[in-house]
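*Asks:* First the structure, then my questions, so here it is.
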Amino acid sequence: MTLVKEKLSIKGMHCATCGLTVEKALRSLPGVVEASADPVTGEAVIAYEPGSVRLSDVVKAIRSVGYDVVLAEAVIRVPSMGSIDDERVVEETLLKMKGVAEVYASHTNKTVVVRYNPHATKPEEVLEALGKAGYKAEMAEGKSLVEAEAEEERRLLLDGLISITASIVYYILLALERLAGVEAAGAVLPYYGAVAFAIVLLGPGRRFLVGAYRSLKNGTPGMDALVSLGTLSIYFYSLAATLNIIRGELYYEGIGLIIGFVLIGRYIESRVKKGTGKAVENLAKLKPEKARVLRGRREVEVDASEVKPGDLVVVRQGERIPVDGYVVQGKAYVDESVFTGEPIPVEKKPGDLVLAGSMVSSGWLHISATRTSGDTAIDRIARLIAYSQAGKMDIQRLADRVSGMFFWAVLGIASLTFTAWLFLGGLETAIIRAASVFLISCPCALGLATPTASSAGVGVAARAGILVRNVVAFERLAKASIVVFDKTGTLTLGMPRVAAVEAVDGFSQGEILELAASAEKWSEHPLARAIIDAYMEVAGRGPKDPDNAEVFPGMGVYAEVGGRSVVVGNRKIMDGFEVDINTLEKIAEEWQSRGATTVFVAIDGKPAGVIAIRDEPRPEARETVEWLKKLGLKVMMLTGDSEGTARAIARELGIEEYRAGVSPEGKAEVIRELQKKGDVVVMVGDGVNDAPSLARADVGIAVANATDVSVEAGDIVLIKGDLRRVPLAVVISRKTYNTIKFNLFWAFIYNVTLIPVAAGAFAWAGITLRPELAAAAMALSSITVTSISYRLSKWKPRLPGDYETYGTKEEKEESKEEFERRTREEKALAAGRQQ
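Letter 813 of the sequence shown, counting from 1, is numbered 1765 in the working numbering, and no numbers are missing.
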């Protein structure tokens, strides 16, 4: 058997141990015969049996051990994707391709998001595969996508009106015959119906016929097949009556009304759905289309897409910044509220970073572009939102499976209806009843219930500075039972500073600080940076390079500096190097009781001293913990710090449950234990050294900022760096999930109630449903579901401290007064700064 080989680029491999860990994860997959990982090149190669493993399984295995795969992303527009049946066909087609890891198709916005391995495939091959499956597709980019959606809406409205107009003309001819006695009208009526409605079927109705053929060919029939069966059965019955093959009434007019109602229903859905997913479009509007670039001494206006890294861009008062970059000249106050949520403009001067989409409130700037059109922070945020809005929750996949079986269930009901009425009322009644069943049973509302609400919820979250990378995790967030916080950089500011250096006899404070700073020089750990910064403040220069150094994750570092051995870290590393630190314990305990983290230092195998490092809790941390408890969630803190430090910080923040002295791998193990007990675990971290635990949790939330939105660790990213957005994300997720459940309830109740009516179960009471009315009712159900989701998209959740809270009426009134007072103060402060 010929093996399939695939190369992958891996993020986070830095040493031989990393490579071995990745190889072990890959070899654990069934069907993988060979696997090798090279930390030098950052690449892995796997060989597997054809059809035995999917790239999505490979990515999941690598992420489970704390690394990630570099995946390229393409957003593709598929205009002819009009139903959940098309979604299934598209997803199944693309997932069979080599190199495709994830596919999220959304008929609600006509897009497919494909995440693929750039070493194995490319967008052109994806477009080719879609073409072979019968879908015309193209790469989607911002404005062209909006224009294409508008064109599709115009076509839906026009085709719907044409179909209904054909039926109106039919009714006019019928009235002329019956009311005015115009014989010519009666003579022409059957042939007008045969020709006009054949044109309607092959013109405006062609999308249903093509969709039905495509879905039947791929074994996934759905709405298009049901509409086609209903209209074709009516047409051919009426045609047979026109040609005197059978005797009966003509029902041509019903075809125009059915197709017209469905198309106009889709038009209204499209208009409403645009409101549920406007987050990307609104972000795109923030970026100016033009930029002024300095060419020599002249300012030249160019398209923003033409600006290259290194170009000098001029921005004046009242203008939006077109690129990411650094200020090289000028001074201005810049409104960055789209990224930070803060309404007060921030002063920017040479050397400061500015982001595309921000507004210059006053002043002027010359900016050296670093990231240009397509790669700016706001572009990355927009891609992230588009990706998550196209994703599917587990509840949606369940609804899709139900919809997939719906056609065959409806076909069975329609067959029984036809057979029963063939004996009870004749061929004409049997066909009309069966056609009504086909049309009333279209699973449109069922297919729209989840994606429209999910898209709306993701958009609401994005406006609040909460970026959802994984909608399945967003769904799980609504069911969370415990929130676990990493301490350093998450509950604390992540800016630790050395509070004291304590030396024992035989060593000096300066000697300890100098050697510790050198040992930690190549470490990226926040505590290491604090030690280095403290030394630079004292010495006025950077530390010497260590002769060699080895980092022990979760413990510390061993280094040789100027011929001396230095060990810096916690008790575990000291025990490992057999350093007796009993003389240092009392010093460490004293500082730990004050909430400081203590780092032991050993020089030449002897205990030398303790460095006390204090990282202040975030101002909003305690409020966040209180809010989570009000939402009924348990809260836990994990830290690599000592018991004393952990206890002091936990007590300060109101956290009852904590674990101290836990390594990064140990944190993932704690989460695994919680999951075994039945908890749905949310892990909140900074995405730096807690990637394994973020990946292990049911929901990983990374606290970042606007420039870090590409952070791969974390299903949800908080770009505005405010911990209060953790409970806010829970509130938004719960409201979104409740909306989805209500939508699904409506969709199911609608079908359960009206299918018996369409089948004629209540005909004895004079209650029946003609095919055109069944089509109108089906369209109305879809519009109703979409409107409920649209209402969600307009919801504006508030953080505590804003004028509206989730507390009592009295608390809300007090909060409103506080909000108005704070707003007045901020406006006065901003006015003073600008003067």
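We treat Cβ as the ideally placed atom computed from N, Cα and C, and that holds for glycine.
CA-CA distance, SER1310 and LYS1062?
*Replies:* Going from the Cα of SER1310 to the Cα of LYS1062 covers about 30 Å.
*Asks:* TYR1068: buried (16+ other C-beta within 10 angstroms of its C-beta) or exposed?
*Replies:* So TYR1068 counts as buried.
*Asks:* So, for ALA1612: in the same chain, excluding its five sequence neighbours on each side, which residues have a beta-carbon less than 7 Å away from its beta-carbon?
*Replies:* Within the same chain, ALA1612 has close Cβ partners THR1591, ASP1593, SER1594, GLU1595 and ALA1598.
*Asks:* On the DSSP bridge assignment, give the partners of GLN1281 in chain order.
*Replies:* HIS1318, per the DSSP bridge assignment.
*Asks:* Report back the beta-carbon spacing between LYS959 and VAL997 to the nearest angstrom; my notes put them in contact at under 8 Å.
*Replies:* So it is a contact: roughly 5 Å between Cβ atoms.
*Asks:* Taking SER1388 as the reference, give the member of ARG1415, VAL1179, ALA1573 and ALA1405 with the closest Cα.
*Replies:* With distances taken between Cα atoms, SER1388 lies closest to VAL1179.
*Asks:* Bridge partners of ALA1554, per DSSP?
*Replies:* Answer is VAL1519 and PRO1559.
*Asks:* What's the call for ALA1649, buried or exposed, on a 16-neighbour Cβ count within 10 Å?
*Replies:* Buried: at least 16 other Cβ atoms inside 10 Å.
*Asks:* In the DSSP assignment, the alpha helix (DSSP H) including MET1488 goes from what residue to what residue?
*Replies:* From DSSP, the alpha helix (DSSP H) with MET1488 extends over 1478–1491.
*Asks:* Ignore the nearest five residues each way along the sequence and tell me which others in THR1228's own chain have a CB closer than 6 Å to its CB.
*Replies:* Only weak support exists for where THR1228 lies, its pLDDT of 48 falling under 50; the coordinates are left without a value.
*Asks:* Using a threshold of 8 Å, state whether the C-beta atoms of GLU1578 and ARG1676 are closer than that.
*Replies:* Contact flag unset, no.
*Asks:* Can you tell me which of the three DSSP states MET1526 falls into?
*Replies:* Reduced to three states, the DSSP call for MET1526 is helix.
*Asks:* Let me make sure I understand the geometry here. Which of TYR1487, TYR1204 and PRO1302 has the alpha-carbon closest to that of LYS1496?
*Replies:* Nearest C-alpha to LYS1496: TYR1487.
*Asks:* So which of ALA1308, THR1117 and VAL1267 has the shortest CA-CA distance to LEU1238?
*Replies:* The option with the nearest alpha carbon to LEU1238 is ALA1308.
*Asks:* Residues in the same chain with beta-carbon distance under 8 Å from LEU1191, minus the five sequence neighbours each way, listed in chain order, please.
*Replies:* Closer than 8 Å at the Cβ level, and outside the excluded window around LEU1191, lie ALA1146.
*Asks:* Quick check on the DSSP output: what are the complete beta strand (DSSP E) runs of length 3 or more inside the segment 1593–1622, in order along the chain?
*Replies:* Segments of the beta strand (DSSP E) lying fully in the segment 1593–1622: 1609–1611.
*Asks:* Under three-state DSSP, which class holds ALA1658?
*Replies:* Because the pLDDT at ALA1658 is just 47, under 50, the model does not fix this residue reliably, and the value given afterwards should be weighed accordingly. Helix, per DSSP.
*Asks:* Might you give, ordered along the chain, the residues of its own chain that have their beta carbon closer than 6 Å to the beta carbon of GLY1051, omitting 5 neighbours on each side?
*Replies:* So the list reads TYR1068, ASN1069, ALA1072 and THR1073, once near-sequence residues are dropped.
*Asks:* Which term fits PHE1426, buried or exposed, when burial requires 16 or more other beta carbons within 10 angstroms of its beta carbon?
*Replies:* Buried, since its Cβ has 16 or more Cβ neighbours within 10 Å.
*Asks:* Determine which residues share a DSSP beta bridge with GLU1841 and list them.
*Replies:* Because residue 1841 is not part of the residues shown, which for the chain are 953 to 1787, the question remains open.
*Asks:* Could you give the residue range of the beta strand (DSSP E) that holds ILE1719?
*Replies:* That residue, ILE1719, is in no beta strand (DSSP E); it is neither H nor E in DSSP.
*Asks:* Compute the Euclidean distance between the alpha carbons of ILE1216 and LEU1391, then round it to the nearest angstrom.
*Replies:* Answer to the nearest angstrom: the Cα atoms are 15 Å apart.
*Asks:* If you measure between the beta carbons of GLU1241 and ASP1255, is that distance less than 8 Å?
*Replies:* It is a contact, given that the beta carbons lie within the stated cut-off.
*Asks:* Helix, strand or coil: which one does DSSP assign to ARG1677?
*Replies:* ARG1677: helix per DSSP, three-state reduction.
*Asks:* Can you tell me which of the three DSSP states ILE1418 falls into?
*Replies:* Residue state, collapsed to three classes: strand.
*Asks:* What separation, rounded to the nearest whole angstrom, lies between the Cα atoms of GLU1258 and ASP1331?
*Replies:* So the alpha carbons of these two residues sit roughly 15 Å apart.
*Asks:* If you follow the beta strand (DSSP E) that THR1063 is in, where does it begin and where does it stop?
*Replies:* Start and end: 1063–1068.
*Asks:* Buried or exposed for VAL1252, going by 16 or more other Cβ atoms inside 10 Å?
*Replies:* With fewer than 16 Cβ atoms within 10 Å of its Cβ, VAL1252 is classed as exposed.
*Asks:* Return helix, strand or coil for THR1691, following the three-state DSSP convention.
*Replies:* Helix at THR1691.
*Asks:* Starting from TYR1187, follow the alpha helix (DSSP H) in both directions and report where the run begins and ends.
*Replies:* Note, TYR1187: alpha helix (DSSP H), 1175–1194.
*Asks:* Between ALA1681 and LYS1300, what straight-line distance do the alpha-carbon atoms span, to the nearest angstrom?
*Replies:* So the two alpha carbons sit approximately 31 Å from each other.
*Asks:* Mapping the DSSP letters down to three states, classify GLU995 as helix, strand or coil.
*Replies:* It is a strand residue.
*Asks:* What are the boundary residues of the alpha helix (DSSP H) that GLY1083 is part of?
*Replies:* Here the alpha helix (DSSP H) through GLY1083 covers 1075–1084.
*Asks:* Report the residue from ILE1464, LEU1110 and VAL1410 whose alpha carbon sits nearest the alpha carbon of TYR1689.
*Replies:* Nearest option by C-alpha distance: VAL1410.
*Asks:* Could you tell me the boundaries of the beta strand (DSSP E) in which LYS957 lies?
*Replies:* Looking at the DSSP string, the run of the beta strand (DSSP E) that includes LYS957 is 956–963.
*Asks:* Exposed or buried, which one is PRO1616 when buried takes at least 16 other CB atoms within 10 Å?
*Replies:* Buried.
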